[in-house]
Amino acid sequence: MSVQIGTVRPLFVTWPDDDRFLYFVAAAVWSKEEEDVHRAEWKDVINYRQSKPGEGSVIYRMDIDTNNPVLSAKVSIVANVSLLITELLYVPYEQQLVFTSRGRAYEDLDDFEIYSIHLNSSSSSSSSLSRLTYMEGVEQELQLSSDGKHVLFRLWALSSGKVQTTQRRLYSLDLTNGQVDRLGKNFDGLVTQYTVKSGGGVYIIGQLGLNVQIYTQESLTDDAIYQQGWNGTYERFTASSHRAGGPVAFAFSSSERPKEVYLAESIDQLMSAKPITNDNELFTQRVLPQATAYHWKNTADNQVIEGVLHYPPGKFNAKNLPLLVLIHGGPNVASLNELQATWNWATMAATEGWLVLEPNYRGSTGYGDKFLGEIRHRSLSLPGQDILMGVDQLTKDGIADSKRLAVGGYSYGGFLTNWLITQTTRFNAALSGAGGIEHVSGWGTMDLPLLRSYLHGGFPWEVPQVYQTESPIYYMNKVRTPTHIVVGENDVRVDADQSFILERSLHYLGIPVQLLVFPNEGHAIANFPWSRKIK
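Using numbering that gives the first Met the number 0, the letters of the sequence shown map in sequence onto residues 0 to 534.
Shown next as structure tokens:
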């Protein structure tokens, strides 16, 4: 049943354990008079950093009259906030709303913090705000603890002076004293998700190496405890909110098992969970590629690197196979033990007869903060070295045919593809998707400038030598590899200009090249399925 609230468009909603009212956030909108003044002054000119409609937030309360036969509601303003709100959580303790904020772009970590508004305050403006965190990171996924006095959240930090981690981790904010503590301190991987336990504690879904597993923690002072489950990737975990030790549900897949939703009677019975969906049964009726973990050393510093190795159907452990090195984006993500039954290149390429290596190079998650942080100042050269030594090992082991090699990747995988073709001529073909070619211009146009300046150790004028040394454009004269390029026309993560620069460089050098630009597509190429299929 719908409730009429006029022209206001809710973005985020939260409600107490009372169906008589709820709270929601909408974007702040200029009045008609403000719009007219702005239009008269600027006409069709864009004043880049000036506030625009929707660059503030309004918090509303909706009181619902459930006794009226025609469901009706009264909407009132709780607060006008100059911040952009990204999540909203109602907290009964001291009657407050807790929310996360963000900036227009990832330019200043101070834009990303947690705030509260006390509902018993008589003020309806930003003056009633209380800032709760100073974490110098991006807080997200707010949840209330079972005792109602702690707000839990995931934090993505860039190893700043206050938070010496580089992977997403789980934290607890004590609303009684403002103290922030990390949960799962003994867990060195990436926290991908968490769920509050009924009766206290938390379920932590975390990635270590190629697998994403389930852990439990009972209190702040306890360690996270691994719960025995299948090797593979758990996600979308949920648990009974009414009974401690009750049923849990989750999605799961591995390289040998397509993704389905499962139900277990308790967290102790993960190994005997039963599927409750059968959406991907077709994949169980096909001979699919087989995958295994593959390890090698970067002999320059003896660091062990891990990757996923996909064999063509019916050729597990075969030798002398054509190799596609498929590089994940991020860089702060990882290739996993999972079966992506969508447009995943690894499965498709292996089905077509390729041996596919997905390397988790330096900068990948799930191998500790040091492993991830070593990419800094050597954003392409170090992971590029990791990858090439993996190719060396595969050919030395006789698994890959050194005369039939290809490389490709999307986003940061495209960055690394562009780098690798300047470092070696061994690849017969390259597939570059939305990859960068020149870091200074990339820093100036992307929507994540904080990430770029972190990776290079400063701004372009502070460490110009790093920006130049790690940019593929300055080594293009060494390229001999035919290259296929794809990019979304409206990409703001990695501007399409980077792909145009790559194409022009290769064209002038006489290297076979093809560039496909997808109209009206952004970085994810998600608007038109046909574009994604071509990609």
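Ideal Cβ placement from N, Cα and C applies to all residues, glycine included.
Name the DSSP bridge partner or partners of residue i?
{"i": "Ala78", "result": "Ile58"}
{"i": "Asn297", "result": "Gln302"}
{"i": "Ile84", "result": "Ser100"}
{"i": "Gly408", "result": "Ile326 and Ser431"}
{"i": "Asp385", "result": "Partner(s): none; Asp385 has no beta bridge."}
{"i": "Arg256", "result": "Ser253"}
{"i": "Thr237", "result": "Ala248"}
{"i": "Trp64", "result": "Looking at the sequence provided, one finds Asp at residue 64 rather than Trp. Paired residue(s): Ser71."}
{"i": "Val535", "result": "This structure cannot settle anything about residue 535, because the visible part of the chain is limited to 0 through 534."}
{"i": "Lys273", "result": "Leu262"}
{"i": "Val516", "result": "Val486"}
{"i": "Gln216", "result": "Val201"}
{"i": "Val211", "result": "Gln206 and Thr232"}
{"i": "Thr291", "result": "Leu308"}
{"i": "Thr194", "result": "Tyr202"}
{"i": "Val90", "result": "Gln95"}
{"i": "Tyr225", "result": "Tyr214"}
Report the residue from the options whose alpha carbon sits nearest the alpha carbon of residue i.
{"i": "Glu140", "options": "Asp109, Ile58, Val97 and Ser197", "result": "Val97"}
{"i": "Asp368", "options": "Leu10, Phe111 and Lys184", "result": "Lys184"}
{"i": "Asn489", "options": "His522, Lys296 and Ile436", "result": "His522"}
{"i": "Gly362", "options": "Thr341, Thr346 and Asp385", "result": "Asp385"}
{"i": "Leu387", "options": "Met445, Leu371 and Trp295", "result": "Trp295"}
{"i": "Arg242", "options": "Tyr233, Gly199 and Pro9", "result": "Gly199"}
{"i": "Gln178", "options": "Arg167, Val286 and Tyr133", "result": "Tyr133"}
{"i": "Ser144", "options": "Val201, Leu157, Lys314 and Glu106", "result": "Val201"}
{"i": "Leu207", "options": "Glu437, Leu281, Ser334 and Ser380", "result": "Ser334"}
{"i": "Asn336", "options": "Phe11, Ala272, Tyr22 and Glu255", "result": "Glu255"}
{"i": "Ala26", "options": "His376, Gly55, Thr468 and Phe11", "result": "Gly55"}
{"i": "His438", "options": "Ile524, Ile420 and Phe414", "result": "Phe414"}
{"i": "Thr191", "options": "Asn176, Leu182, Arg167 and Asp180", "result": "Arg167"}
{"i": "Thr480", "options": "Val260, Ala405, Pro518 and Asp35", "result": "Ala405"}
When you compare only the Cα positions, how much space is there between residue i and residue j?
{"i": "Ile213", "j": "Thr424", "result": "43 Å"}
{"i": "Ile570", "j": "Gly231", "result": "Absent from the structure is residue 570, since the part of the chain shown begins at 0 and ends at 534."}
{"i": "Pro459", "j": "Pro448", "result": "11 Å"}
{"i": "Phe499", "j": "Val307", "result": "31 Å"}
{"i": "Leu354", "j": "Glu520", "result": "30 Å"}
{"i": "Gly245", "j": "Val324", "result": "44 Å"}
{"i": "Asn279", "j": "Tyr47", "result": "47 Å"}
{"i": "Thr482", "j": "Ile304", "result": "27 Å"}
{"i": "Ser267", "j": "Asp187", "result": "With the sequence shown as reference, residue 267 is identified as Asp, and Ser is not the correct amino acid for it. Approximately 23 Å, taken between the alpha carbons."}
{"i": "Glu351", "j": "Ala290", "result": "15 Å"}
{"i": "Val478", "j": "Gln497", "result": "17 Å"}
{"i": "Leu83", "j": "Tyr225", "result": "37 Å"}
{"i": "Gly535", "j": "Gln94", "result": "Residue numbering for the chain in the displayed model covers 0 to 534; residue 535 lies beyond these limits and cannot be assessed."}
{"i": "Asn427", "j": "Ser115", "result": "56 Å"}
{"i": "Ser71", "j": "Glu86", "result": "26 Å"}
{"i": "Tyr573", "j": "Gln392", "result": "Not covered by the structure: residue 573. The range shown for the chain is 0 to 534."}
{"i": "Ile275", "j": "Thr283", "result": "16 Å"}
{"i": "Asn343", "j": "Val77", "result": "45 Å"}
{"i": "His37", "j": "Val80", "result": "21 Å"}
{"i": "Ala240", "j": "Asn210", "result": "For the sequence presented, residue 240 should be read as Ser rather than Ala. Whole-angstrom Cα-Cα distance: 26 Å."}
{"i": "Glu264", "j": "Gly205", "result": "21 Å"}
{"i": "Leu219", "j": "His149", "result": "11 Å"}
{"i": "Val14", "j": "Glu138", "result": "As written in the sequence, residue 14 is Trp, which differs from the Val given in the question. Cα-Cα distance, rounded: 21 Å."}
{"i": "Pro321", "j": "Val44", "result": "54 Å"}
{"i": "Ala537", "j": "Leu10", "result": "No answer is possible for residue 537: the residues shown for the chain start at 0 and end at 534."}
Assuming residue i contacts residue j (C-beta within less than 8 Å), just tell me the rounded distance between them.
{"i": "Val516", "j": "Ala495", "result": "6 Å"}
{"i": "Ser431", "j": "Asn417", "result": "6 Å"}
{"i": "Val540", "j": "Val7", "result": "Not covered by the structure: residue 540. The range shown for the chain is 0 to 534."}
{"i": "Val90", "j": "Leu174", "result": "7 Å"}
{"i": "Leu154", "j": "Gly136", "result": "5 Å"}
{"i": "Ser197", "j": "Ala238", "result": "7 Å"}
{"i": "Tyr411", "j": "Pro330", "result": "5 Å"}
{"i": "Ala250", "j": "Glu234", "result": "5 Å"}
{"i": "Gly365", "j": "Leu189", "result": "5 Å"}
{"i": "Gln302", "j": "Met270", "result": "Contact doesn't hold; Cβ gap of about 33 Å is too wide."}
{"i": "Leu356", "j": "Tyr293", "result": "7 Å"}
{"i": "Val491", "j": "Asp446", "result": "5 Å"}
{"i": "Thr421", "j": "Tyr474", "result": "4 Å"}
{"i": "Gly397", "j": "Asn316", "result": "Not really, about 11 Å apart at Cβ, beyond 8 Å."}
{"i": "Thr165", "j": "Leu450", "result": "So it is not a contact: roughly 11 Å between Cβ atoms."}
{"i": "Ile472", "j": "Ser504", "result": "7 Å"}
{"i": "Phe23", "j": "Tyr59", "result": "5 Å"}
{"i": "Leu157", "j": "Ser253", "result": "Not really, about 32 Å apart at Cβ, beyond 8 Å."}
Can we count residue i as close to the ligand NAD, meaning its CB is less than 6 Å from some heavy atom?
{"i": "Ile213", "result": "This structure simply doesn't include the ligand NAD, nor any ligand for that matter."}
Give a yes or no on whether the minimum CB-CB distance between residue i and chain C is below 7 Å.
{"i": "Ser380", "result": "In summary, chain C is missing from the structure at hand, where a single protein chain is found."}
Exercise for review: Jot down the residue ranges of each uninterrupted beta strand (DSSP E) in the stretch 298-383, minimum 3 residues, whole runs only, in chain order.
Suggested key: If one requires a minimum length of 3 residues, the beta strand (DSSP E) runs lying completely within the stretch 298-383 are 302-310, 320-326 and 354-359, in chain order.
Check your understanding: Along the chain, which unbroken stretches of the beta strand (DSSP E) at least 3 residues long are found entirely within the stretch 112-190?
Key -> Taken in chain order, the unbroken stretches of beta strand (DSSP E) that lie wholly in the stretch 112-190 and span 3 residues or more are 113-117, 128-130, 136-143, 149-156, 168-173 and 179-182.
**Study point:** Segments assigned alpha helix (DSSP H), at least 4 residues, entirely inside the stretch 411-493
**Key:** Within the stretch 411-493, the complete alpha helix (DSSP H) runs of at least 4 residues are 411-422, 438-444, 448-455 and 463-468.
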